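The working numbering puts the first residue of the sequence shown at 2, with every later residue one more than the last.
Everything on this sheet refers to the single structure shown next.
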Amino acid sequence: MAISASTAAAAPTHDLTKCTTCSSIPPNLLQCVRCKAVSYCNKDCQKSNWKSHKPLCPLLASGATLEEAREALPLDPDVATRAQYTARYLQAPVPENAAPQWLKYFNGLMKLVRLLGEHEGMARNNTQTFNTPAFEKNNVYFAWDFVGRTLTFISRVPPTMQRMTREDREAWNDTKSRTALITDLILNRQKMIDMVDQPYQHLNTVHPEMGDEIIAAARALRMS
């Protein structure tokens, strides 16, 4: 990305009086020509910072603060913890024009991922990064992971459910089939345990009780 002399007003997200990369304060800083929200000593500093700045640039250019831009980016599964993934899932806004059926699935899945993420069975797993093999490969972790991934499917479906493309319909069908599977497993404890234990029989995993709230949430979603 090109840079220009620091003349235009910038979004109030960075200290434009010093280089974003090395923090030095030369007399003639250069700004990112697109977002005008970061400054550099020279092109070498810009090149060094480009990998981290590239995904933020269009968001900063649209007027987002640095914090807002970072929150809008996908989480890095090698850096972000499972607790952070749960928090990110729960940040998803509820569309005002959502179709009732879409909303039932969305709200039900959001409630489940919150309850599962808060469950004691996720306590040790929550502090690990998403891509780190789970410390406790129990039934709660399996359900949390499955529900979280199901939320990514429903996010691909237009909330209004109007003018659906083939890809939209496939995502909706996947949402429904995955929801049916995980709620069935939550409501059938031994079936869930047998499935989770199959690849990890040597671990002798302890599977905690799901608890009344999770059971009730799964049952309500099952009836959607």
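Note that CB positions come from ideal geometry on N, CA and C, so glycine has one too.
Because the structure is a prediction, the values reported are computed rather than measured.
- Inter-segment contact for the segment 198 to 216 and the segment 172 to 181 is absent: fewer than three beta-carbon pairs are separated by less than 8 Å.
- The three-state secondary structure of residue 31, taken from DSSP, is strand.
- Here DSSP, grouped into helix, strand and coil, assigns residue 151 to helix.
- Judged by beta-carbon spacing, residue 74 lies within the 9 Å limit of residue 57, meaning their Cβ atoms are closer than that value.
- Residue 151 is a Cβ neighbour of residue 110, given a cutoff of 9 Å.
- At the C-beta level, residue 145 and residue 206 stay beyond 9 Å of one another.
- Every unbroken stretch of the alpha helix (DSSP H) spanning 4 or more residues and falling wholly within the segment 47 to 81 is given here in chain order: 58 to 62, 67 to 73.
- Pairing residue 44 with residue 26, the inter-Cα distance amounts to about 15 Å.
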